[in-house]
Each structure stands twice: as C-alpha cells, then as structure tokens.
Amino acid sequence: MTGTEQRLASLRGGQLPKTHNARTIAALATNPGCTRRAMLDAAAVDKAKVASRAGYPAPFGMSPFALGRGVAFERRLLDEPGKDLLMLLRQALDLDIAEVGFTDLNDVGASTDLAVRHERTRRLLTAAPDQRGTLFDHPLLRFAVGGRHAYLEPDLIAFRHDDTVHVVEIKSFAIIDDQADGAKVAAAAIQSAVYVLALRDLLGDRAEVHHQTVLIAPKDFSLTPVAATLDVRKQIGVLQRQLSRIAAIDDLLELVPPDVTFSLEPDGQGRPRRDPAGLLRDLRRVEASYAPQCLASCELCYLCRDEARGTTGALGKSVREEAGGIETVAKVLAYAYDKDPYPVPADLAEAAVILRRAATLRRRSLGDPT
Amino acid sequence: MTALTSLARIEAASLGQAQLIRTVRHVHISDRPLVFIPLGLAGEPCAPLAALVGDDRLEPQLLVVTSPLNRDERFAFAADLAGIVLGYIGSYLAGPEPPDNEPYPDAPQLIVPNAGGVAFARLLGRSTRFRPVEGAGAVPASVPVLGRWLTYLAERSHPSASLILTATGALAAHWATGQSAVEDENLATLLAWIAPPPGRSGADAALAAEDPTRCPPAGPATDPGFDRDVLTGRLTAIRDTRLAADLAGQRRAVAALRDDLREVLMPTWRLVWQAIDLLRTLPEAGHVADRRKGDRLSFSGYARYLAEGGFPQPRKDAAVDAARRLGRLEAEQQRLETQMAYDDPLVMAEYRMTGAAFEGVVVRAEPARLDESGKESGKKAKLRPWIWVETPDEVTAAPGTELRSPARPSQKAVVIDVRSPGEDQDGRTLVTLELRSGMGRGLTPAAGSVPEADDVVCYTTLTLDFQPSPEFPGREDTPWTHGGPPPEYVPAELDRAEPWDGEDWADDAYARAVVDGALVAGPDEP
Chain Y
17 MTGTEQRLAS LRGGQLPKTH NARTIAALAT NPGCTRRAML DAAAVDKAKV
67 ASRAGYPAPF GMSPFALGRG VAFERRLLDE PGKDLLMLLR QALDLDIAEV
117 GFTDLNDVGA STDLAVRHER TRRLLTAAPD QRGTLFDHPL LRFAVGGRHA
167 YLEPDLIAFR HDDTVHVVEI KSFAIIDDQA DGAKVAAAAI QSAVYVLALR
217 DLLGDRAEVH HQTVLIAPKD FSLTPVAATL DVRKQIGVLQ RQLSRIAAID
267 DLLELVPPDV TFSLEPDGQG RPRRDPAGLL RDLRRVEASY APQCLASCEL
317 CYLCRDEARG TTGALGKSVR EEAGGIETVA KVLAYAYDKD PYPVPADLAE
367 AAVILRRAAT LRRRSLGDPT
Chain V
701 MTALTSLARI EAASLGQAQL IRTVRHVHIS DRPLVFIPLG LAGEPCAPLA
751 ALVGDDRLEP QLLVVTSPLN RDERFAFAAD LAGIVLGYIG SYLAGPEPPD
801 NEPYPDAPQL IVPNAGGVAF ARLLGRSTRF RPVEGAGAVP ASVPVLGRWL
851 TYLAERSHPS ASLILTATGA LAAHWATGQS AVEDENLATL LAWIAPPPGR
901 SGADAALAAE DPTRCPPAGP ATDPGFDRDV LTGRLTAIRD TRLAADLAGQ
951 RRAVAALRDD LREVLMPTWR LVWQAIDLLR TLPEAGHVAD RRKGDRLSFS
1001 GYARYLAEGG FPQPRKDAAV DAARRLGRLE AEQQRLETQM AYDDPLVMAE
1051 YRMTGAAFEG VVVRAEPARL DESGKESGKK AKLRPWIWVE TPDEVTAAPG
1101 TELRSPARPS QKAVVIDVRS PGEDQDGRTL VTLELRSGMG RGLTPAAGSV
1151 PEADDVVCYT TLTLDFQPSP EFPGREDTPW THGGPPPEYV PAELDRAEPW
1201 DGEDWADDAY ARAVVDGALV AGPDEP
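Spelled out as structure tokens, the structure:
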C-alpha cells in the first residue's frame, strides 16, 4: 500500500470503501474547487453516513416507487435482451445484427474483489467476439480522479458490435411526445460521458468507444421502451476540463492535518465510536466550497450550507456577482451603507459605488427620503 | 437577477427577514381562486396519487387514488377532478354570452403551490385530452374536456398571465429572501422567510420548515421517507385486501390511506392560502387590470372554441404555430417589464441603475415655447415646450433620443442636450428635453400637461407604444427549412393510441412489478 493509499484508508477509518458511480463523478465535476468533497470521495468515505452522524443528514433519498419502476423497466428489457433491446439498438444505431450475446459481468463466482472484477471486465470486453454483437451488463470500470483511480460500478450496458463499443443507458424517466425532462437528459448525458471515458481508459486502442451513446427510456405514460441517441462529445470535453481542475489528491492531503479522520468504526453495540462533535470538528478542518447547487448533489450540503451562512455565495452565484464578488453579507452592507471604517480597497471601489447607488435607490423607492 | 434584488437578498440574509422587491402587486389575485395541490406517485411521469382542491379554504375536497398504477383508477380520478374544475370554470361562463370578440366579465384562476404543480397539470392534460369517450378504453365525457382545459391553462403559465399561478413564483416575484433562488422553490421555507411565526426570525423558521415530517413537500412528489414508511404499506394493504375480497379490511385500508394523505396535504393547503392572503396585502399595480383583460379575452376565446367542438391541442405544435407562440410570449414579456417599471418605482429604480431611466427635479420650464423654424417656408408654428431636469442618475441617452415619462405615457420627450456634472452642480446632470405631444391642440399647453419647475419627473427609453407583432407565414407557406406545410391538423388514432394498449393491465401486472420492485429495492440504493 502506498503512502497515499494508507492516508486515505486512515481517513476512512477501517470502513469498506464506497464505490463511485457515474452520478458521484458527475457531481464531483460540477464543483471541482471543493476540497472537502474531493477528499472524502478520494478516500471513498460514505458521505451520507458521515453527514448524518455529524448532525446534518442529507436531504435526499429516493422513493421506493421510483426505484421499483426503475427495476421493473430494466427487468423488462434485460430478461429477454434479444427482443426489445436488440430491436431498439438496431434502430438507434442503424445496424443489421440478427442476434446478440449477453454477458453479465457481475457474475464472478464468489469473488467480490474489485480488482478481480475489473480484470475480468477488461478480458471479456477485449476478447475476440464469438458473435457480431454482444451486450455486457455490469462492467466494473476505473476512473482517474485527482491522480488516483476510483472504481466505478456503473448501471450501464456496454454494447460491442464489430470493433465499436457503445454505451447504453437504461433510464426510467419518461419520454413524452419525443421530449423528456431536460435536467434528467442532461444528467444522463454527463453520466454517459463518464462511462465513455472510463471505457476508453479500459480498452485503450483495442476497440473504439463511440461518442454516440444510446438512451433507452419508457415512452409516454407506459413502460414500452424507446431509444434515442445522444452525442456526448461536448459533455466529455466539459468533464475532462473540470476533472483536470481537481487538484492531485496528494497535494490536497498535505493540507489536511495528519490526525484528521472520518472514521465511523462501530463500538460493541454497532454505534459509531466517534462522537458527533469530534467528527464535525474534523470535517470542518477540510475546506469546502459551497454553492446552492450542492443541495441537489452532495450529501454534505446541509453542513456546508450552515458554514457558509453569511456569505454572498450561499445566496447564489448571481447574487455574489451582482455584489461585485464581495464575499460576505456584512461587508456588502458595510459598503452599501457607507459604514465600513476602513478605506475601500481599490479593486472593490467600483463595486462599492454601485452598491451605494443601489442602496440609495432602494431606500428612496420604498419611500424613505433619507 | 439585478443589483437591486441582489442587494435585497443580502439585506434579507442579514436581517433574517424577507424584503420587499416590489412596492405594488403585479399579478392579479382572483376573489375566488381555485387552489389545486396535486400529488403523484414518485418515478411515474403522471400517476395521480391524491389532490386537495377547492375554492373555499374551509372546505378542501380530497381526491385519492387507491392504486395509482391502475389506469382505470387514474381516469376515475380525472373524472372526479373534472367535476370540480369544470364546475368552477363553468361558473365563469354562466352569464349571458358577450358579443363576439368581447370577453366574459371574469375568468378563472388556478393556483398551484409550485412549478411542479403546473408541470403536473400539463401532463395530466396530455394524458387525458385525447381519451376516447366511446368504444374500447372509453372514459367519462368530462375527462378529455378537463384535459383540454388543463393543457390550455398550463400553456398560459407565464409571468404576464394570471389564469394559472404558482404560489412560489408569485411570492418570489415580490419578496427577496435570505436563501438562494433554488431554495425559494420550497413553499414552506419561502413563506417562513416572508412571514415567520411570532418571535422567530425568518432564517430560523425556514430551517425548521425544511423538516419533511413537519412541512411535507408541496408536491407533486411526496417525501421519499413517507413513501417508504407509510405509503408502501398502505398501498400493499389495499391490494392484498382487494385480492382477498376482504371488503371490511379494504374499507379500513382505504380510510387509513385517505387520512394519511389528507395529513400530508393540509399543511400545503394552508400555506397556499396564506400566500394568497399575503399577496392581497399588496396594492394592485396600475396595469394589472389591462393584463387581466388579456386573460379574459384569451379564456373567452378558448371557451368559444371548445363550445364549437374544437380539437384537442396537438401533441406537438406545428412550426408556424410554435414560432407565433414564441413571438407572442416575447412581446408579452417585454410589455410586462415596461408596465411594471411604469407602475412601480422599485422596478424603475433597476432601469435607473443601468441608465435606461433617470429621475430628477425640473429646474426650469418654458411651457409656451413655440417652434417657428418653418415660418419662412409658410409652415405654422408648433408648440414645443422645453424643460430642464437636474438628476443625480447616470444619463446614457444621447441628444435626439425619444423618451417617455410614466406620469405622461403618451407624451414624447426628445433629448436636446445632456450636460455632464460639473463641480458646482453637486454631481448632478442637467438634461434639456423638448416635449412634442400630449398637450392638446392649441398653441398653449392644456393644464397640467407640461411639468412645472420643482416637479419630480422620471424619463425612460421604455415605451408602452403598440409594437406590431412580426409577420409569420401562413400554415400553407411554412418554409421547407421547417418541414414545409404540415397537413391540416386532425387528431388521429395515432394521438389517441397509448403504448400501453395491448399490454395486460387488467391483472395489475405493472402495478405488481413496481410495488414488488419497491419492496425489493433497499432504501439506500442510489
């Protein structure tokens, strides 16, 4: 085990690492400047459990009905992959394949070792195909984040035909009159981009992983599947750019005091040994970068929002920009009402003038003549 | 967001209390709105689970679907909802029919808690408006009519219209909170900032309101914890008692589900009415009645179209219709922004920030000034008063620009000269304006038509003048770039067919699959 691995394991405190999925990687890419998130994800800490123990349980969960619909829809397709699934892929990719093979990569006997499963995925995906088209379910991929490889257990099918691999995503949100919820399609596209990159990493030049991915979702108000292709070249570019901004984990680790840990190691009764206050203190020793968007994607959002109270960024990026980039609510108001005892720094002088003007106009328009 | 509303948000965060960003109410609030709070089953695009609906805050009507994945029950829910909604809409059409092109005296107003409520209405409209009323899969005749009205109303969801409103949208348009815009979509926290309980700050009340057991989500999605801990058990009990033909047990199970859903919906019901009360405390802006007339005309037109047996709205707009609709929305948005600025000094202040408007004091006026430059060529003298306005605002208008004043909207004022502030003028700009209309016919201005010295005046580049809408080709002239002329729209079998046709729904196969899937899947899975 390298020094970095050891350090990350001690942050995790003996707990099993939590595997990434495309959603967590996509979320990481939406806020690349957040050290706290990068660190916890690199150490594969279970953020939901940590947040909950620290007194800030994550505000999201998923309804069993939504999960049930997802399961029902996927089963319908995968129980007989040679039927609807093949037909949809043929239509979407304009192929003339008559039948497909199906390999479930989840099936590795008793082995749960991630490295073993990853190796098996690589071997089978690159083996000479005995059929023109083969579907691979549950591949185990790796993804480089911050200079380290994270295992990725995607909910995805890789479809290999001839020497080309397509990412196939099965989603249970509806496509109604050829339109789906824009936010959900955007999320699916960025997840597909993660898969494309991870598959390219796995296959190297042994097969082409196509930037055109296939989304399969239910049509209108039913469970009848329809397919649509997504060109994810733009998402791949965004993702690569954002991920390159995540500092190397080694550099981040240097900023964290050596005794920090997020261990939830249980005592005899199965309760975490660590008291919430200690855990919270250690979390706060790693810097976060909160924005309201975190509320939709990060399990630690309530903790970070609480810390960010009093900052303009917590009110939204546009508020902060309108306030000339000034970071705290107190400072903005001090400038706006000319109550700051210190001279305004030169780089904020223009912002201060605008704020004073806005404050005067607001006051007068509300009927205060002073 | 503008500098002024951002500053208001920052002030709200500092004071722990929402701040007004408008001095008057820019939206019409009906005397008798119909409040509609829909809940749907999570994961489904539009499977109604329950709704609380009514125009009397003391008597909400509760509709519940006991097996939300069964499509017969779905349409039975739609029929019950149609009974209430169509009755409400019909009450606005009850009087004598007005002459052609004249609106009915009033129009309905549907109020939903949030944007999700409008989306739900749109989807419920889509799933019901094509349903056949005879033959296979027939539904009660009111169901497709409800679908057309819900589609119509959802399409009219726009800040300049008030046939359908979201409580969150209407409140957030008038108050800035100390939380982010994303968090303002939560009706409970938004109201906590605006009207916290006595003795508490808005910030604290908003934190408390985030607890889903205390303030259940305003829908259409229910709290996942409620789904897991309560709803799954209730729906399974109803199914099991039904399969076992245990009538007494089934009645008990249904009653228990109704009680739970009422409990989940009632807090939102109270919040929506609280929002209505709060909005009513603001005086109505001057141009609201004008926009409301547009709503009445639109409503009356659609009612006539339906009465004449009009088709359901197509699944997709044809190219020309879509372009026309976009053009109309853009024009309405622009008119709304100008009207709001004319009605509300706080909105005008935003234009003063950017230089599109200025306010100041008239320091000198020549109300009787005549333009006699055309005299030699035999033209008559024209009344062209000049006024000099001193303003602390930044003035970006150049000489020759035509300006208007909200106090005299039809009077054209042309900038003659802008003198930038000198040291002696205390940072004020002096603007010379020539007035060119709105003063009566003679060579002396009508009383009050020209500002006098010491008057406070506001001038802006915004105008309420009628803007002709862009020309759109007729349907038959749709350019080839947009697919060429589409065939005449007649709802076809294709529109009516649902992909579920032919699937075996009779034995609840889908419902079983989803509920079983729900029981299998653990709560922690992503």
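Taken in sequence, the protein lines are chains Y and V. Take 17 as the starting number for the first sequence in our numbering and just add one per residue. Take 701 as the starting number for the second sequence in our numbering and just add one per residue. Glycine included, each C-beta is placed from N, C-alpha and C at the ideal position. Please read all numbers here as calculations on a predicted model, not as lab measurements.
| Item | Value |
| --- | --- |
| Can we say the segment 91 to 111 of chain Y touches the segment 753 to 766 of chain V, given the rule of at least three CB pairs closer than 8 Å? | no |
| Secondary structure at G117(Y), three-state DSSP: helix, strand or coil? | strand |
| Using 8 Å as the threshold, is the segment 160 to 173 of chain Y in touch with the segment 36 to 48 of chain Y, meaning 3 or more CB pairs across them? | yes |
| Report yes if the C-beta distance between L741(V) and L781(V) is below 8 Å; otherwise report no. | no |
| Spell out whether any CB of chain V is found under 8 Å from the CB atom of F159(Y). | no |
| Taking its Cβ as the centre, do 16 or more other Cβ atoms sit within 10 Å of F189(Y), making it buried, or is it exposed? | buried |
| Against D927(V), what residues of chain Y qualify as contacts under a CB-to-CB distance less than 7 Å, listed in chain order? | S79, P80, F81 |
| Would you please verify whether the beta carbon of D1204(V) is less than 8 Å from any beta carbon of chain Y? | Note on D1204(V): pLDDT 41, under 50, position unreliable in the model; no value is reported. |
| The ligand ATP and V818(V): does the residue's C-beta get closer than 7 Å to at least one heavy atom of that ligand? | This structure does not include the ligand ATP; it has no bound ligands of any sort. |
| Based on DSSP bridge pairs, tell me the residues matched to D194(Y). | According to DSSP, D194(Y) bridges with nothing at all. |
| Assuming the contact rule is C-beta atoms closer than 8 Å, G825(V) and G790(V) should be a hit. Round their C-beta distance to whole Å, please. | Contact flag wrong, Cβ pair sits at about 17 Å. |
| I want to see whether chain V comes within less than 8 Å of T328(Y), judged by CB atoms only; does it? | yes |
| Is there at least one Cβ from chain Y nearer than 8 Å to W1200(V)'s Cβ? | Confidence at W1200(V) is low in this model, with a pLDDT of 48, below 50, so the placement of that residue should be treated as unreliable; the coordinate-derived value is given next. Closer than 8 Å to some Cβ of chain Y, the Cβ of W1200(V) qualifies, so yes. |
| Compare the Cα-Cα distances from A937(V) to each of F926(V), A945(V), D927(V), Q950(V) and report the closest residue. | Q950(V) |
| When you compare only the Cα positions, how much space is there between Y324(Y) and R139(Y)? | At residue 324(Y) the sequence reads Ala, which differs from the Tyr that was named. Taking the straight line joining both Cα atoms gives about 47 Å. |
| If you measure beta-carbon to beta-carbon, which residues of the segment 290 to 310 of chain Y are closer than 8 Å to chain V? | P308, Q309 |
| Residues of chain Y with CB under 7 Å from A881(V), in chain order? | G332 |
| What does the alpha-carbon distance come out to for the pair T1163(V) and Q761(V)? | 46 Å |
| Measure the alpha-carbon distance for V1095(V) versus S1077(V) and round it to whole angstroms. | 36 Å |
| Secondary structure at D1224(V), three-state DSSP: helix, strand or coil? | The pLDDT assigned to D1224(V) is 39, lower than 50, so where the model puts this residue is not dependable; a value taken from the coordinates is nonetheless given after this. DSSP places D1224(V) in coil when its eight states are reduced to three. |
| Hey, how far is the Cα of G743(V) from the Cα of R1028(V)? | 34 Å |
| In this structure, how does DSSP classify P234(Y) when only helix, strand and coil are distinguished? | strand |
| May I have a chain-ordered list of the beta strand (DSSP E) segments no shorter than 3 residues that lie completely inside the segment 925 to 1013 of chain V? | none |
| Considering only residues of the segment 728 to 806 of chain V, which uninterrupted alpha helix (DSSP H) runs meet the minimum length of 4 residues and lie entirely inside it, listed in chain order? | 771 to 791 |
| Starting from V225(Y), follow its DSSP beta bridges and name the residues at the other end. | V181(Y) |
| For G902(V) and chain Y, any beta-carbon pair shorter than 8 Å? | no |
| Could you say if the segment 307 to 317 of chain Y and the segment 61 to 72 of chain Y meet the contact criterion of at least three C-beta pairs nearer than 8 Å? | yes |
| Is there a Cβ from chain Y that is less than 8 Å from the Cβ of I1235(V)? | There is no way to answer for residue 1235(V), as the model of chain V reaches only from 701 to 1226. |
| In chain V, which residues lie less than 9 Å from A352(Y) when you measure between Cβ atoms? | L707, I710, E711 |
| Taking only the alpha-carbon atoms, compute the straight-line gap between F76(Y) and T866(V) and give it to the nearest angstrom. | 24 Å |
| Which value, in whole angstroms, describes the spacing of the CA atoms of P803(V) and E338(Y)? | 43 Å |
| Tell me the rounded alpha-carbon separation between V254(Y) and S260(Y). | 10 Å |
| Just by C-beta distance, which residues in the segment 712 to 743 of chain V are closer than 8 Å to chain Y? | A713, S714, L720, T723, L741, A742, G743 |
| Is there a Cβ from chain Y that is less than 8 Å from the Cβ of R856(V)? | no |
| Who are the Cβ neighbours of G795(V) in its own chain at under 8 Å, not counting the five residues just before and after it? | Y804, P805 |
| Alpha carbon to alpha carbon, how far is S79(Y) from D927(V)? Give it in angstroms, no decimals. | 6 Å |
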